[in-house]
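Participant:
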Amino acid sequence: MSQGNAKHKGLLQQKPIALFVVIATLLLLSFSSIAIGTRDVSWQEIIGALQGQMNTMGEASVTMRLPRTVLAILAGCALGLSGAIMQSVTRNPLADPGILGVNVGAAFFVVIGLAWFGINQLQTYVWLAILGAGITAIFVYFISSLGYGKSTPLKFALAGAATSAALSSFIMAVVLPRNDIAGSANSWQIGGVGGATFDSIQLVLPFLIVGFLLSVFVARKLNTLALGDDIAAGLGENVAWIRAIAWLSAVLLCGATTAICGPIGFVGLVVPHLCRLLVGVDNRWLLIFSALVGACLLLSADVLGRIISRPSELSVGVVTAFVGAPFFIWIVRRQRVKEL
Amino acid sequence: MTLKHQLVVDHLAAGYGEKTILNDINVAIKPGQITSIIGANACGKSTLLRTMSRLISPSNGQVLLDGKSIHSTPTRQLAQTLGLLPQSPIAPEGITVSDLVSRGRHPHHGFLSRWRKEDDEAIAKALETTKTTELLDREIDELSGGQRQRVWIAMALAQETNILLLDEPTTFLDVAHQIEVLDLLVDLNQTRGTTIVLVLHDLNLAARYSDQLIAIQQGQVCANGTPNEVVTEDMIHAVFGLQSQVITDPISGRPMVLPIGRHKKIKHT
Numbered sequence: 001m002s003q004g005n006a007k008h009k010g011l012l013q014q015k016p017i018a019l020f021v022v023i024a025t026l027l028l029l030s031f032s033s034i035a036i037g038t039r040d041v042s043w044q045e046i047i048g049a050l051q052g053q054m055n056t057m058g059e060a061s062v063t064m065r066l067p068r069t070v071l072a073i074l075a076g077c078a079l080g081l082s083g084a085i086m087q088s089v090t091r092n093p094l095a096d097p098g099i100l101g102v103n104v105g106a107a108f109f110v111v112i113g114l115a116w117f118g119i120n121q122l123q124t125y126v127w128l129a130i131l132g133a134g135i136t137a138i139f140v141y142f143i144s145s146l147g148y149g150k151s152t153p154l155k156f157a158l159a160g161a162a163t164s165a166a167l168s169s170f171i172m173a174v175v176l177p178r179n180d181i182a183g184s185a186n187s188w189q190i191g192g193v194g195g196a197t198f199d200s201i202q203l204v205l206p207f208l209i210v211g212f213l214l215s216v217f218v219a220r221k222l223n224t225l226a227l228g229d230d231i232a233a234g235l236g237e238n239v240a241w242i243r244a245i246a247w248l249s250a251v252l253l254c255g256a257t258t259a260i261c262g263p264i265g266f267v268g269l270v271v272p273h274l275c276r277l278l279v280g281v282d283n284r285w286l287l288i289f290s291a292l293v294g295a296c297l298l299l300s301a302d303v304l305g306r307i308i309s310r311p312s313e314l315s316v317g318v319v320t321a322f323v324g325a326p327f328f329i330w331i332v333r334r335q336r337v338k339e340l
Numbered sequence: 001m002t003l004k005h006q007l008v009v010d011h012l013a014a015g016y017g018e019k020t021i022l023n024d025i026n027v028a029i030k031p032g033q034i035t036s037i038i039g040a041n042a043c044g045k046s047t048l049l050r051t052m053s054r055l056i057s058p059s060n061g062q063v064l065l066d067g068k069s070i071h072s073t074p075t076r077q078l079a080q081t082l083g084l085l086p087q088s089p090i091a092p093e094g095i096t097v098s099d100l101v102s103r104g105r106h107p108h109h110g111f112l113s114r115w116r117k118e119d120d121e122a123i124a125k126a127l128e129t130t131k132t133t134e135l136l137d138r139e140i141d142e143l144s145g146g147q148r149q150r151v152w153i154a155m156a157l158a159q160e161t162n163i164l165l166l167d168e169p170t171t172f173l174d175v176a177h178q179i180e181v182l183d184l185l186v187d188l189n190q191t192r193g194t195t196i197v198l199v200l201h202d203l204n205l206a207a208r209y210s211d212q213l214i215a216i217q218q219g220q221v222c223a224n225g226t227p228n229e230v231v232t233e234d235m236i237h238a239v240f241g242l243q244s245q246v247i248t249d250p251i252s253g254r255p256m257v258l259p260i261g262r263h264k265k266i267k268h269t
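Going line by line, the protein sequences match chains H and D. The C-terminal position of the first sequence is numbered 340 in full-length UniProt numbering, with every residue numbered one higher than the one before it. The C-terminal position of the second sequence is numbered 269 in full-length UniProt numbering, with every residue numbered one higher than the one before it.
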């Protein structure tokens, strides 16, 4: 056979191994998320709790850790995927639900709902969060394409940062004079998975599933978009249509995640870059790995948050910020912050 | 690919937004030949090529492929017949030659279709034709301009279309690489019978390498025919507003334009 044939398959041969390693890591982290916490538990208690027993304090804590573990996996997947899609669609290495202000936009709508419309059901939060995420995404995209020339990575990040800052101040302005909602609103300022229950997860699950399915549908098409709009059209794709589906997928994923966890930054930024180093720029692989590595990162951040500040806990949002901020600086300082 | 597809531009008007750039264009692209679109800057030659590849929707008239309007043909179906290499394609940082070229197979795949043997064969053939097989594992960023352009052409070839449209494929290349790319297009035209339409800046190269020339002036067809018919002193003056002398290219026997400016002329006294 030709060399072309051999090399093309050769590239793919290593990816299943990488996939296996990432999945194994994810399982290991899931286990530690169940086993490690502010209370030390024994093996018997872990096994007992997994079988549904709640006889000892240890078994009860393990039972409490189950939903937050599931949520950390789902939220990590959603944020990693959402970041990877946003970076691909905008061809912008700095695109991320946090930096583009999409998370804060979601939180902003939820806080408005809490403060002025007396909304206190999670089901409504989810819709508000997704609506807020969508509107903010469009707003930031619009702002960054204003002025001379087209939207560049830098303009995009600036528009997102400015929008984030403005919305955060709005949130503060709304929440500060309102003691009655300050408690619930604060949970949107710092993202966390600690308060998860299976009921709340169930509510956002449909949105996440639709987001995941759309991302599967759009992955291969994003590969054509990566070569420029003209090439994508030349390869038989409808560019506006791909963009719309991809944005919808990204917004659903990060909006639903924000509705239940609050804004968690940097996962969507760091993870796709890491995965691009691992598996290259083919979106079919990149999206799968971004989801899995995102789950790994969020799980480890959550477990780390429980260990480093015992006997209390540190929210994942704080831990990911510590990991993500230096990484963000590294990306910006790289010599070539060019379009993807 | 014995079947030759027919591309016809019929009473076409197009532009960007309110601004009309092309006005009532009628041309038939000769199947199995190389056609170059020439003209002054901003005359609409790129717009014509972009409308022919349905990147721009016409405001009036239509572009017909085998009698059917390309703007109402399903895009994926069209992409199996009509290939396109735009002026400034984007290569994602770190993409390898093999990944890039294999993306040319996109229109031959549906949502769940598997990678087939003919995909590998098409890619191998495209790499061979463009002499890029040895670059397979390299990243696009580390290639020279000429190599990069050959890789992009390989991607367009992997698409295996009967018609290939190229927007200024020789811009930014030095003269040796320009000749290399144009020779490659002739190879392609001769071995595969591919119909090639390109926008070219260099008049003399266009005259040498094309079977058909279309000269555009202010959004209208000013001349259309073989290089011998089109490249005349009068046409050059009409299209470019330039005095010139047209001689016979001693290499190809095609017409060759020698521009006449205000300076640097031998004084006859």
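Yeah, the Cβ is synthetic: ideal placement off N, Cα and C, and Gly gets one too.
Can you tell which of H:L74, H:T124, H:G134, H:I73 has the C-alpha that lies nearest to the C-alpha of P97 of chain H?
Facilitator: Numbered from its first residue, the first sequence carries residue 97 of chain H at position 97. Measuring from the Cα of P97 of chain H, the nearest candidate turns out to be H:G134.
Participant: Could you name the residues of the same chain whose beta carbon sits closer than 6 Å to that of K125 of chain D, not counting the 5 residues immediately before and after it, in chain order?
Facilitator: One-based indexing of the second sequence puts residue 125 of chain D at position 125. Nothing listed; no residue qualifies.
Participant: For V186 of chain D, count the other beta carbons within 10 Å of its own beta carbon; 16 or more makes it buried, fewer makes it exposed. Which is it?
Facilitator: On the second sequence, position 186 is the one that residue 186 of chain D refers to. V186 of chain D comes out exposed.
Participant: Please report the distance separating the alpha-carbon of S252 of chain D from that of I99 of chain H.
Facilitator: The residue labelled residue 252 of chain D in the question sits at position 252 within the second sequence. The residue labelled residue 99 of chain H in the question sits at position 99 within the first sequence. Note on geometry: alpha-carbon atoms of S252 of chain D and I99 of chain H lie some 59 Å from one another.
Participant: So, with DSSP's three-state summary, where would you put K45 of chain D?
Facilitator: Here residue 45 of chain D is taken as the residue at index 45 of the second sequence, counted from 1. DSSP places K45 of chain D in helix when its eight states are reduced to three.
Participant: Would R105 of chain D and A158 of chain D be called neighbours here (beta carbons separated by less than 9 Å)?
Facilitator: Counted from its first residue, the second sequence places residue 105 of chain D at position 105. Counted from its first residue, the second sequence places residue 158 of chain D at position 158. Their beta carbons are under 9 Å apart, which means R105 of chain D touches A158 of chain D by this criterion.
Participant: Could you check whether the Cβ of I231 of chain H sits closer than 9 Å to any Cβ belonging to chain D?
Facilitator: Translated into positions along the first sequence, residue 231 of chain H becomes position 231. At least one chain D Cβ lies under 9 Å of I231 of chain H.
Participant: What residue range does the alpha helix (DSSP H) around V54 of chain H cover?
Facilitator: Translated into the one-based positions of the first sequence, residue 54 of chain H becomes position 54. With the sequence shown as reference, residue 54 of chain H is identified as Met, and Val is not the correct amino acid for it. Segment: none, M54 of chain H is in no alpha helix (DSSP H) and carries neither H nor E.
Participant: Measure the CB-CB distance between A13 of chain D and N60 of chain D and report whether it falls below 9 Å.
Facilitator: As a position in the second sequence, residue 13 of chain D is number 13, starting the count at 1. As a position in the second sequence, residue 60 of chain D is number 60, starting the count at 1. Yes.
Participant: Take D167 of chain D as the anchor and find which of D:G32, D:M155, D:Q87 has the nearest alpha-carbon.
Facilitator: Here residue 167 of chain D refers to the residue found at position 167 when the second sequence is read from its first residue. Of the listed residues, the one whose Cα sits closest to D167 of chain D is D:Q87.
Participant: Using a Cβ-Cβ cutoff of less than 7 Å, which residues in the same chain neighbour K9 of chain H once the five nearest sequence positions on both sides are dropped?
Facilitator: Position 9 of the first sequence, counted from the start, is the residue given in the question as residue 9 of chain H. Bear in mind that a pLDDT of 36 at K9 of chain H, under 50, signals an unreliable position, so the model cannot answer this.
Participant: By DSSP, does S32 of chain H sit in helix, in strand, or in coil?
Facilitator: Indexing the first sequence from 1 puts residue 32 of chain H at position 32. Residue state, collapsed to three classes: helix.
Participant: Classify E45 of chain H: buried if its beta carbon has 16 or more other beta carbons within 10 angstroms, exposed otherwise.
Facilitator: Numbered from 1 along the first sequence, position 45 holds the residue referred to as residue 45 of chain H. Residue burial annotation: E45 of chain H is buried, with at least 16 other C-beta atoms found within 10 angstroms of its C-beta.
Participant: From residue 359 of chain H to T258 of chain H, what distance separates their C-alpha atoms?
Facilitator: Nothing can be reported for residue 359 of chain H: it is not among the residues displayed for chain H, which extend from 1 to 340.
Participant: Using a Cβ-Cβ cut-off of 9 Å, state whether F289 of chain H counts as contacting chain D.
Facilitator: For the purposes of this step, residue 289 of chain H is taken as the residue at position 289 of the first sequence. No, no contact with chain D.
Participant: Are I36 of chain H and R306 of chain H touching if we call contact CB-CB under 9 Å?
Facilitator: Taking the first sequence and counting its residues from 1, one reaches residue 36 of chain H at position 36. Taking the first sequence and counting its residues from 1, one reaches residue 306 of chain H at position 306. Less than 9 Å separates the beta-carbon of I36 of chain H from that of R306 of chain H.
Participant: Give me the Cβ distance between S53 of chain D and Q62 of chain D, rounded to the nearest whole Å; I'm assuming they're in contact under 8 Å.
Facilitator: Stepping through the second sequence from its first residue, residue 53 of chain D is reached at position 53. Stepping through the second sequence from its first residue, residue 62 of chain D is reached at position 62. That pair is no contact at about 14 Å.
Participant: By Cβ distance below 8 Å, which residues in the same chain neighbour V193 of chain H in space, the five residues on each side in sequence not counted?
Facilitator: Along the first sequence, read from residue 1 onward, the residue named residue 193 of chain H stands at position 193. Closer than 8 Å at the Cβ level, and outside the excluded window around V193 of chain H, lie R68, L71, A72, A75, C261, L298, D302, V316.
Participant: Under 8 Å: do the stretch 102-109 of chain H and the stretch 283-290 of chain H share three or more Cβ pairs, one atom per stretch?
Facilitator: no
Participant: With distances taken between CB atoms, is the gap from W116 of chain H to V174 of chain H smaller than 9 Å?
Facilitator: Position 116 of the first sequence, counting from 1, holds the residue named residue 116 of chain H. Position 174 of the first sequence, counting from 1, holds the residue named residue 174 of chain H. Yes, Cβ-Cβ distance for W116 of chain H and V174 of chain H is below 9 Å.
Participant: On a CA-only basis, which of D:G94, D:L127, D:T81 is nearest P107 of chain D? Give me that one, please.
Facilitator: As a working mapping, residue 107 of chain D is identified with position 107 in the second sequence. Checked all of D:G94, D:L127, D:T81; the closest Cα to P107 of chain D is D:T81.
Participant: Alpha carbon to alpha carbon, how far is Y125 of chain H from A256 of chain H?
Facilitator: As a working note, residue 125 of chain H is residue 125 in the first sequence. As a working note, residue 256 of chain H is residue 256 in the first sequence. Using only the alpha carbons, I get a separation of about 9 Å.
Participant: For V63 of chain D, list the residues DSSP reports as bridge partners.
Facilitator: Indexing the second sequence from 1 puts residue 63 of chain D at position 63. Beta-bridge pairing links V63 of chain D to D:V9.
Participant: Mind checking whether I201 of chain H and V111 of chain H have CB atoms under 9 Å apart?
Facilitator: As a first step, residue 201 of chain H must be located in the first sequence, where it is residue number 201. As a first step, residue 111 of chain H must be located in the first sequence, where it is residue number 111. No, they are not a contact pair.
Participant: Is the stretch 168-175 of chain D touching the stretch 142-150 of chain D, taking contact as three or more C-beta pairs under 8 Å?
Facilitator: yes
Participant: Is there a C-beta anywhere in chain H that falls below 9 Å from the one on G104 of chain D?
Facilitator: For the purposes of this step, residue 104 of chain D is taken as residue 104 along the second sequence, with counting starting at 1. Yes, its Cβ sits closer than 9 Å to a Cβ of chain H.
Participant: If you count every other CB in all the chains shown that lies within 10 Å of the CB of M86 of chain H, and 16 or more means buried, which is it?
Facilitator: Here residue 86 of chain H refers to the residue found at position 86 of the first sequence. Buried: at least 16 other Cβ atoms inside 10 Å.
Participant: Using a Cβ cut-off of 9 Å (strictly closer), state whether L235 of chain H contacts chain D.
Facilitator: Locating residue 235 of chain H in the first sequence gives position 235, counting from the first residue. Yes, its Cβ sits closer than 9 Å to a Cβ of chain D.
Participant: Restricting to Cα atoms, I'd like to know which of H:L79, H:S33, H:A84, H:L222 is closest to S61 of chain H.
Facilitator: On the first sequence, residue 61 of chain H is found 61 positions in, with the first residue counted as 1. The candidate whose alpha carbon is nearest that of S61 of chain H is H:S33.
Participant: Does the distance from the CB of A91 of chain D to the CB of L100 of chain D come in under 9 Å?
Facilitator: Numbered from its first residue, the second sequence carries residue 91 of chain D at position 91. Numbered from its first residue, the second sequence carries residue 100 of chain D at position 100. Yes, they are a contact pair.
Participant: Is the beta carbon of G58 of chain H closer than 9 Å to that of S42 of chain H?
Facilitator: Sequence index remark: in the first sequence, residue 42 of chain H carries index 42 (1-based). Sequence index remark: in the first sequence, residue 58 of chain H carries index 58 (1-based). Yes, these two residues count as a Cβ contact at 9 Å.
Participant: Would you call T2 of chain D buried or exposed, if buried means 16 or more other Cβ atoms sit within 10 Å of its Cβ?
Facilitator: Residue numbering aside, residue 2 of chain D sits at position 2 when the second sequence is read from its first letter. Confidence is the limiting factor: at T2 of chain D the pLDDT is only 49, short of 50, which leaves the residue's position unreliable and the question unanswerable from this model.
Participant: If you reduce the DSSP assignment to three classes, tell me which class Q243 of chain D lands in.
Facilitator: Walking along the second sequence from the start, residue 243 of chain D turns up at place 243. Strand at Q243 of chain D.
Participant: Tell me, please, whether the CB atom of A84 of chain H is closer than 9 Å to any CB atom in chain D?
Facilitator: Walking along the first sequence from the start, residue 84 of chain H turns up at place 84. No, its Cβ sits nowhere closer than 9 Å to a Cβ of chain D.
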